[in-house]
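Single-structure report; data block below.
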C-alpha cells in the first residue's frame, strides 16, 4: 500500500507538470483542446490525491506501523476519531492534505468557470498546478508520508499522538486552515492570470469572489478553533498569545478581509484595481509565508512542526511569488489605471478605503513584530522574544478605528452622502454608544481601562448601526410586501445576502471584540497552592479544594482536583481539573518513570462558561513527593528486566518479547504504577492552581460564530433562477422595465 | 499488485486528459476550419456568459441603489441620477446580449426579480 501511495504521489507530480504545460500551451496557441486537457488533468489530480490520502487514512485505522508516520503519531490505544485525524498532525500527512485540498478546490473553480474567463483560466490553472506541484514534490521527496520501515524493524506499537493534539478543536483546526490557504490560492491564481492576459476588468473578481469569501471563512474558523484549543487545552488561561504561527494565519485573513470589502468598489465603480490585485497577491503570498513559518522551524512555536529541511524550498517559492507579483503589477500598471476617483470623503467608498488602510496597517505591524526575533538574531546574534506587550499598543487602537468604520460604513451611501443624511442616520447609533459608555462609567469600574471602555462604546455604536440598518431595510420591504416583520426581515436578508450577511458579520465583530476587551482587561487571575480542604478567593468567588483526583487508565495517569466555587455563600459551580501524563517511549525514563513524564502531559481545565463570565482553573500536580517511590520502582524493575533478558540471550526477538510478556512483569508494573498513584490520593499533597475569572469571554466565541454565520449568508449562492424559453422576448421586456 | 493499480491509474489519467485532444483525422484545411469555428462558438458563448454576469451585477447595483433610497441614504435627486445611469448601463448590456446570435443550448435569460447576490 505504501508503494502505491508513493507511486500516486509521483503521478501527482507528473499530472501537475502536464497541467501547467498543457494550459500555457493551449492559452498561447489559442487551442482550447489543450486548455481543456490541462483542466482535466486538475480533475485527475483531485482523484489521485483523494486515493493517496485514503491509503494513508487506512494505514492509520489499521495501525499499520510499517508506515513511519503512523508509528510516530499513532498507537493502538488512541481513539479511532483521533486516528482518523492524526494524519495531519505530522509534516508529511499535512503536506498530502494540502495537495488534496488544493486539487479539490482547484477542480471546483475550474469546473465552475469552464465556459468563462477563457483567456484567464488557463494561466490560473498553471499557477494553481504549479503550487500544488510544489507541495506534491515536497511530499514525494522531502517529507514522504508513505515512507516505511523494514519488516524486521516495524514496531509493535506506535509512539502515539501528542497529548496536546488530542482535542476536538485541534483535529478540525488544520483542515480548516489548509482549506483557507488553498482557497486563497484561487483568487491569487486568477489575479495572476488577469495580469498576464491584461483582462483587468471585474470578470475575474466576480467569478472568484465566493472563493475569496470561502477562504476568509475557513481561515477564520481555523484561527478561532486554534484560539479555542489554546484556551481549553494549553493551560495558560489565554486564547491568543501573538505566537508567530497564530500571527501567520491572522495576517492573510486580515488581508483577505480587506480584499472582500474593496472588491465591491471595483465592481461598482471600477476603482482600486491596483489596490485589489495587490491585496489578493499579498494575501496569497502571506498564506504561503504562514505555511513556511509553521514548517520551517525558523521561529519557535508550540504550533510549529519543528525544525525541518523545508525552509529553503519555501523561501524560493515565496521569492518567485513576490517578485512575480510585483513584476506583473508594474507591467500592467497602465491597464490598472482608472479614470474614476472617489467623489467624496463622505461616501461608502471612502469608508471602505479607510477600513482597508487600517487592516493593511495591522498586517504591517504584525508582520514586522513577528519577524523581529529573526531580524534581531541576524543583526545581533541574539533572538529576542516578543509577546503581547509588543503588539497591543498598535493593534488595539487600530481595532478601535476598525470597529468605528464598520459601524459608519453601512450608514453612508455609495458615491456621496450629504451632511443632513449623515445626521439622520448617525443619531441613534451614536446616542446608543454614548449611553452605553455613560452607563458603564456610572455602574462599573470600566474607567480604569480607557481603551476597553472605548471598545465597549464603539462596539455598542456598531451594534446599533447594524440594528438600525436591519430595521430600516425591513421597514422598506414591509412597505412594499406588507409582510409581518420577521417574514420581511428574512426576505430582506435572502434577497440581499451579500449586504446583510456582511452586516451580520459586522455585528459579530462587535460582539467578539467586546468579549476580547472585557476578558483581557478585567480578568482576575490568581495562582494559589492549596491542600485539600483549603480555600482561596478570587474576584469575589471562593475556590475550595474539595478532594484530589488520582486515576489510571490504559492511556494515561491523571492527577487533579475537584474544586467547589461559591459566591456570597451560594454554590456557583463544581470544577474538575486534571493533569494527565501519557507514557513516554524514551527508555531513559525508566520502566515506572515513563508513566510520570511531565514532558508528555496535557491539562484538562476546569471550566464553567457563562454569558457574563468564565470561571477557569487548571491544576499542576507536584509529583516531587513521588520521586522516591518512582526511582525505587525504576531500579527494581530494571533489575527484574535485566534478569529476564539474561535468560533470553539465545532467543529470537519475537521469542524474547513473548517470554517477557508471559513473565508477568508488565502486570506487576501496572500494579506498581497504580500503587504510586493511590499513594498520591491518600497523602494530602498540595497542588498549584491557576484560577481565572474572565468577564464576557463567551462573547468572543459567540461573536466568532456570528461572523461565520454572516460570512456563510454572504456567500450563499442564489436560488436557481426562473428560466424562460425565448431569450430575446424576455430581454425586450427587461429593457422596457428598465426605461 | 500495487504496480498493476498504478498502471491502471496511469492509463485512466492518460485517457481523461487526452480525450479533448483525440478527434477524427481531418485534412489540415478542415482542421483549421473546424478549430476556427469551434473557437468562434466558444468565444461567443463566453461573451454571452460574461454579458449575462455583467447584467446580473448591474441589476444588483440597481437594487442596491433602490434600497439605499428607501432607507434614506440617498436623496431623491441623487437616487434619480444614479438610477438613470445604472438603468442606461443595463439597457446597453441587454442590447449587446441581443446582438449576439442565440446559442444552440438556449442560454435563457433569468428573471431579474430572482437574481440575488
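Protein chains in written order, with the working numbering: chain A, 1 to 739; chain B, 1001 to 1117. Each residue gets a CB set at the ideal place from its N, CA and C atoms; glycine is no exception. Because the structure is a prediction, the values reported are computed rather than measured.
Quick one: using the 10 Å Cβ neighbour count with 16 as the cut-off for buried, is residue i buried or exposed?
{"i": "residue 519(A)", "result": "buried"}
{"i": "residue 144(A)", "result": "buried"}
{"i": "residue 1104(B)", "result": "Confidence is the limiting factor: at residue 1104(B) the pLDDT is only 46, short of 50, which leaves the residue's position unreliable and the question unanswerable from this model."}
{"i": "residue 1069(B)", "result": "buried"}
{"i": "residue 389(A)", "result": "exposed"}
{"i": "residue 5(A)", "result": "buried"}
{"i": "residue 98(A)", "result": "buried"}
{"i": "residue 331(A)", "result": "exposed"}
Which partner residues does residue i have in the DSSP bridge list?
{"i": "residue 695(A)", "result": "613(A)"}
{"i": "residue 566(A)", "result": "542(A) and 571(A)"}
{"i": "residue 530(A)", "result": "687(A)"}
{"i": "residue 618(A)", "result": "690(A)"}
{"i": "residue 3(A)", "result": "For residue 3(A), which the question treats as bridged, DSSP gives no partner whatsoever."}
{"i": "residue 548(A)", "result": "561(A)"}
{"i": "residue 435(A)", "result": "The partner list for residue 435(A) (beta bridge, DSSP) is empty, contrary to what the question assumes."}
{"i": "residue 525(A)", "result": "692(A)"}
{"i": "residue 12(A)", "result": "Bridge partners of residue 12(A): none, in fact."}
{"i": "residue 195(A)", "result": "DSSP, once it has assigned bridges, lists no residue as partnering residue 195(A)."}
{"i": "residue 607(A)", "result": "616(A)"}
{"i": "residue 576(A)", "result": "562(A)"}
{"i": "residue 148(A)", "result": "67(A)"}
The beta strand (DSSP E) spanning residue i covers which residue range?
{"i": "residue 535(A)", "result": "535-538"}
{"i": "residue 601(A)", "result": "601-604"}
Any C-beta of chain A sitting closer than 8 Å to the C-beta of residue i?
{"i": "residue 1085(B)", "result": "no"}
{"i": "residue 1017(B)", "result": "yes"}
{"i": "residue 1070(B)", "result": "yes"}
{"i": "residue 1050(B)", "result": "yes"}
{"i": "residue 1006(B)", "result": "yes"}
{"i": "residue 1040(B)", "result": "no"}
{"i": "residue 1116(B)", "result": "Per-residue confidence for residue 1116(B) stands at a pLDDT of 43, beneath the threshold of 50, marking its modelled position as unreliable; no derived number is given."}
{"i": "residue 1037(B)", "result": "no"}
{"i": "residue 1046(B)", "result": "yes"}
{"i": "residue 1105(B)", "result": "Bear in mind that the predicted position of residue 1105(B) carries a pLDDT of just 45, short of 50, making it unreliable; the figure below should be weighed with that in mind. For residue 1105(B), the answer is no, since every Cβ of chain A falls outside 8 Å of its Cβ."}
For the alpha helix (DSSP H) containing residue i, list its first residue and its last residue.
{"i": "residue 474(A)", "result": "450-481"}
{"i": "residue 71(A)", "result": "68-73"}
{"i": "residue 240(A)", "result": "Taken as a continuous stretch (DSSP letters only), residue 240(A) belongs to no alpha helix (DSSP H), as it is neither H nor E."}
{"i": "residue 583(A)", "result": "Premise fails: residue 583(A) is in no alpha helix (DSSP H) and is neither H nor E."}
{"i": "residue 230(A)", "result": "203-233"}
{"i": "residue 346(A)", "result": "Run containing residue 346(A): none; DSSP gives neither H nor E here."}
{"i": "residue 85(A)", "result": "80-85"}
{"i": "residue 596(A)", "result": "Counting along the chain, residue 596(A) falls outside any alpha helix (DSSP H), and DSSP gives it neither H nor E."}
{"i": "residue 393(A)", "result": "388-408"}
{"i": "residue 1096(B)", "result": "1076-1099"}
{"i": "residue 34(A)", "result": "32-61"}
{"i": "residue 106(A)", "result": "91-112"}
{"i": "residue 495(A)", "result": "485-495"}
From the beta carbon of residue i, is the nearest beta carbon of chain B less than 8 Å away?
{"i": "residue 276(A)", "result": "no"}
{"i": "residue 33(A)", "result": "yes"}
{"i": "residue 425(A)", "result": "yes"}
{"i": "residue 3(A)", "result": "yes"}
{"i": "residue 597(A)", "result": "no"}
{"i": "residue 106(A)", "result": "no"}
Run the proximity test for residue i: is its beta-carbon closer than 7 Å to any non-hydrogen atom belonging to the ligand MN?
{"i": "residue 202(A)", "result": "In the structure on display, the ligand MN does not appear, and there are no ligands present to speak of."}
So which residues on chain E does residue i lean against when the C-beta distance must stay under 8 Å?
{"i": "residue 1013(B)", "result": "Chain labels in this structure do not include chain E; the protein chains are A and B."}
- Does the stretch 342-356 of chain A come close enough to the stretch 196-214 of chain A to have 3 or more Cβ pairs within less than 8 Å? The stretch 342-356 of chain A makes no contact with the stretch 196-214 of chain A; the number of CB pairs closer than 8 Å stays below 3.
Legend entry - Cβ contact (3+ pairs, closer than 8 Å) linking the stretch 638-649 of chain A and the stretch 601-618 of chain A: The stretch 638-649 of chain A, when compared against the stretch 601-618 of chain A, does not touch it at the 8 Å Cβ threshold.
* Flag this pair as touching only if the stretch 235-247 of chain A and the stretch 315-332 of chain A have three or more C-beta atom pairs under 8 Å; answer yes or no. => Between the stretch 235-247 of chain A and the stretch 315-332 of chain A, the count of C-beta pairs closer than 8 Å stays below three; the two stretches do not touch.
Counting beta carbon pairs with one atom in the stretch 392-402 of chain A and one in the stretch 354-373 of chain A, are three or more of them shorter than 8 Å? Touching, yes, given that three or more Cβ pairs across the two stretches are closer than 8 Å.
Next item on the list: Kindly confirm or deny that the stretch 522-533 of chain A and the stretch 686-700 of chain A touch, where touching means at least three C-beta pairs closer than 8 Å.
Entry: Taking a cut-off of 8 Å on C-beta distances, the stretch 522-533 of chain A touches the stretch 686-700 of chain A, as three or more cross pairs fall below it.
Give a yes or no on contact between the stretch 484-501 of chain A and the stretch 655-671 of chain A, applying the rule of three or more CB pairs nearer than 8 Å. Touching, no.
Any 3 or more C-beta pairs closer than 8 Å across the stretch 548-561 of chain A and the stretch 669-677 of chain A: Contact holds: three or more Cβ-Cβ distances are below 8 Å.
(request) Take every Cβ of the stretch 1006-1018 of chain B, pair it with every Cβ of the stretch 37-47 of chain A, and state whether three or more of those distances are shorter than 8 Å. (result) Cβ pair count under 8 Å is three or more, so yes.
Subject >> Touch test, the stretch 157-177 of chain A against the stretch 257-269 of chain A, Cβ-Cβ under 8 Å, three pairs minimum >> reply: They do not touch, by the three-pair rule.
Evaluate contact between the stretch 592-606 of chain A and the stretch 566-581 of chain A, counting only Cβ atoms and requiring at least three cross-stretch pairs below 8 Å. Here the stretch 592-606 of chain A makes contact with the stretch 566-581 of chain A; the two share three or more CB pairs at distances below 8 Å.
**Prompt:** Looking at C-beta atoms only, is the number of pairs between the stretch 66-79 of chain A and the stretch 88-107 of chain A that lie closer than 8 Å three or more?
**Reply:** A contact exists between the stretch 66-79 of chain A and the stretch 88-107 of chain A.
Item to complete: Please confirm if the stretch 1066-1080 of chain B is in contact with the stretch 467-477 of chain A, defined as three or more CB-CB distances below 8 Å between the two stretches.
Response: Cβ pair count under 8 Å is three or more, so yes.
Closer than 8 Å is the cut-off here; do at least three beta carbon pairs connect the stretch 276-294 of chain A with the stretch 172-186 of chain A? By the Cβ test, the stretch 276-294 of chain A is in contact with the stretch 172-186 of chain A, since at least three Cβ pairs between them sit closer than 8 Å.
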